[in-house]
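Protein chains: 2
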Amino acid sequence: MTHTLAISGGVGGAKLALGLARTLEPDALTIVANTGDDFDHLGLRICPDLDTVMYTLADLSNRELGWGLAGETWQFLEALAALGGETWFRLGDRDLATHIRRRQLLDEGHSLSSATGILCEQLGVAHPVWPMTDQSVPTTVHLKEGVDLSFQHYFVRDRCEPTVSGFTFAGVDRAEPSVGLRQALTRPDLGAVVICPSNPFVSVDPVLAIPEVADLMRDAAAPVIAVSPIIGGEALKGPAAKMMRELGVPNTATAVAQHYGDLLDGFVIDETDRALETELSAVVPTIVTNTVMVTLEDRIRLAQACLRFSESLGTHRQ
Amino acid sequence: MTHTLAISGGVGGAKLALGLARTLEPDALTIVANTGDDFDHLGLRICPDLDTVMYTLADLSNRELGWGLAGETWQFLEALAALGGETWFRLGDRDLATHIRRRQLLDEGHSLSSATGILCEQLGVAHPVWPMTDQSVPTTVHLKEGVDLSFQHYFVRDRCEPTVSGFTFAGVDRAEPSVGLRQALTRPDLGAVVICPSNPFVSVDPVLAIPEVADLMRDAAAPVIAVSPIIGGEALKGPAAKMMRELGVPNTATAVAQHYGDLLDGFVIDETDRALETELSAVVPTIVTNTVMVTLEDRIRLAQACLRFSESLGTHRQ
């Protein structure tokens, strides 16, 4: 049995991570989440992608909202508004428990990796979930006009409305991959690296920008495959396509594959983009399947397609 | 118009503070709350008496529970329990907003006094509410048997069950009265110092233990009066009578007056204790009235009785 490493951003990535978790035993899968969009807010450490992955795997995620916890309530935020506090970032009452507990664990000296492990254990998440790094690597969004924004100000407060010109991840040059990320990448039995359908610029690039990570991926025993987050020129969720247009990149699955470049050994696109198969196959081995994950079965089916694809690429490689 | 200073612990004290606030204009009343039972919990600064006073004056207090906020919910605590967090101290979802906001203000460099002022303003509390001090003066409860307890472990977690032998307020020797407490005590127009019906040992003694405070009270222009928290040998709420029994002090209103000693210029007891009037009057001027505050009218009536009593003592004094 080989090992699989999944690299995930938020919602879309977490869906595929769940599919993989329902397919693979806990000791056969490592899930690493982007932390480039983490930030400190109200004295708490907010880790949107880590929590989305954790809540999704714990089957606690809020399907109506697409983020946060099921059965969430907003009494805290309502009372905070009355106190003149900042309420643009929607912290639910139940979600607050995660953040208070994380703050406490970090204050006690736990690394983010260790705190995440403890939270996952308490939530009954059996598969190992790791932050990409224990260091803080906050994303700055550079704008065509006006001053730079911190990621959550761009993403949540300003609803991705400003026109972007690029992204930087402060301190990433000095960041180290988390123990879980490094160990997964250097396992001799690594069979697949799956880059989930997450935003290439602000969810996956932060992971790849950590020194060594891209090199370790290129040197890894396993093929690296990515699932395109762009389907028919749009992202199912989030600003990926809008960012591509603003960055002067075609908003196509092909451009996503080109963005990852020689890192990729395989690429997965949606049926909608079947017309791109030929041009893509000239660049990187590509499969076409249904990548829109509505049901749990969709998630599992896509996970299995990715694993079969990786296996075929691995065999081919040897 | 003279100025009134009220010294309050939690629930009982806050009731009289509200009666005073409904009787006196904001510039004619200063309310100082005990902070000896403050503690750090879950990374937050918990100030039970300050918050009880604040919520009571804002008409936000929970009448069923006798503490916390009206319309409170407990989603945060429920989720925290699932995460293995400490839930013995009941922090409600709405109450959390106060604590997150206070933590943020303290982290920004605000003193507890300043943070309290900002919270009060946001809650629409017009009368000035001050902590007794900006320094941390945590109460330790010494036990007849076994190791000392921090106050909230004794009070909330262990439900006041252990037998006490005494109390100390760590660091009180180096504490300074808050600006509001000092200013009120040194006002030439101070007409009344009202020690509300709060626990003498753990709500009022911490205030009196701050260097200068007792001396400033003795030197103040105004008479110092106290309302007995002991009625018919019992406290309406809290462990005051139980503590007196355990400390070997008679659990009577008379013993409360003796506890405050020469600090007092006047004492207020309940109708229930009318039989004690003669023995008390030999020690300190004493009035008998209804001190059980069930309705808002009860609070206002007792406040007015205290103010009239102070005025008569003041006139008598000159």
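Sequences listed follow chains A and B, in order.
The first sequence begins at 982 in my numbering and counts up one residue at a time.
The second sequence begins at 982 in my numbering and counts up one residue at a time.
The beta carbon of each residue, even a glycine, is placed where N, CA and C say it ideally should be.
Can you name the start and end residues of the beta strand (DSSP E) that residue 1150 (chain A) belongs to? 1145 to 1150
In the DSSP assignment, find the beta strand (DSSP E) that holds residue 1307 (chain B) and state where it starts and stops. Nothing in the structure corresponds to residue 1307 (chain B), since chain B is present only between 982 and 1299.
Residue 1061 (chain B): buried (16+ other C-beta within 10 angstroms of its C-beta) or exposed? buried
Does chain B have any CB closer than 7 angstroms to the CB of residue 1070 (chain A)? no
Just how far apart, CA to CA, sit residue 1072 (chain A) and residue 1019 (chain A)? 14 angstroms
Does DSSP put residue 1099 (chain B) in a helix, in a strand, or in coil? helix
Check the Cβ-Cβ distances between residue 990 (chain B) and every residue of chain A, and say whether any is below 7 angstroms. no
Near residue 986 (chain B), which residues of its chain fall below 6 angstroms by C-beta distance, leaving aside the five closest residues on each side in sequence? 1011, 1165 and 1174
So, under 8 angstroms CB-CB, residue 1265 (chain A) and residue 1245 (chain A) are touching, yes? Tell me the CB distance rounded to an integer number of Å. 5 angstroms
Do you know offhand how far residue 1145 (chain A)'s Cα is from residue 1272 (chain A)'s? 27 angstroms
Please go through the same chain and pick out, in chain order, the residues whose beta-carbon is closer than 6 angstroms to the beta-carbon of residue 1247 (chain B), but skip the five residues on each side of it. 1204, 1206, 1266, 1290 and 1294
I'd like the list of long-range same chain contacts for residue 1000 (chain A), defined as Cβ closer than 6 angstroms, with 5 residues on each side in sequence excluded. 1280, 1281, 1283 and 1284
Is residue 1154 (chain B) close to chain A? Criterion is C-beta to C-beta, closer than 7 angstroms. no
Does DSSP put residue 1287 (chain B) in a helix, a strand or coil? helix
Which one or two residues does DSSP pair with residue 1021 (chain B) in a beta bridge? B:1026
Between the alpha carbons of residue 1288 (chain A) and residue 1218 (chain A), how many angstroms are there, rounded? 24 angstroms
Would you call the stretch 1029 to 1040 of chain B and the stretch 987 to 1006 of chain B touching, i.e. three or more CB-CB distances under 8 angstroms? yes
Distance CB(residue 1002 (chain A))-CB(residue 1091 (chain A)) smaller than 7 angstroms: no
Less than 7 angstroms between the C-beta atoms of residue 1184 (chain B) and residue 1015 (chain B), yes or no? yes
Cβ of residue 1299 (chain B) less than 7 angstroms from any chain A Cβ? Reliability fails at residue 1299 (chain B), whose pLDDT of 44 lies under 50, so the model's placement of it is uncertain and no value is given.
Can you tell me the Cα-Cα spacing of residue 1115 (chain A) and residue 1169 (chain A), whole angstroms? 24 angstroms
Which residue comes first and which comes last in the alpha helix (DSSP H) that contains residue 1081 (chain A)? 1074 to 1088
Contact set for residue 1049 (chain A): own chain, Cβ-Cβ below 6 angstroms, skip 5 residues either direction: 1043, 1073 and 1076
CB residue 927 (chain B) to CB residue 1066 (chain B), shorter than 7 angstroms? Given that chain B is displayed from residue 982 to residue 1299, the structure contains no residue 927 (chain B) and the question cannot be resolved.
Using only CA atoms, which one of A:1035, A:1122, A:1123 and A:1120 lies nearest to residue 1094 (chain A)? A:1035
Through-space distance from residue 1201 (chain B) to residue 1163 (chain B), alpha-carbon basis: 11 angstroms
Give the secondary structure of residue 1243 (chain B) by DSSP, where H, G and I count as helix, E and B as strand, and everything else as coil. helix
Within 7 angstroms of any Cβ in chain A, is that where the Cβ of residue 1084 (chain B) sits? yes
Chain D contact for residue 1074 (chain B) (CB, 7 angstroms cutoff): Protein chains A and B are contained in the structure displayed, whereas chain D is not.
Beta carbon of residue 997 (chain A) nearer than 7 angstroms to that of residue 1177 (chain A): yes
Which residues in the same chain have their Cβ closer than 8 angstroms to the Cβ of residue 1251 (chain A), if we skip the five residues on either side of it in sequence? 1209, 1212, 1213, 1234, 1269, 1270, 1271, 1272 and 1273
Less than 7 angstroms between CB atoms is the rule here; does residue 1077 (chain A) satisfy it with respect to chain B? yes
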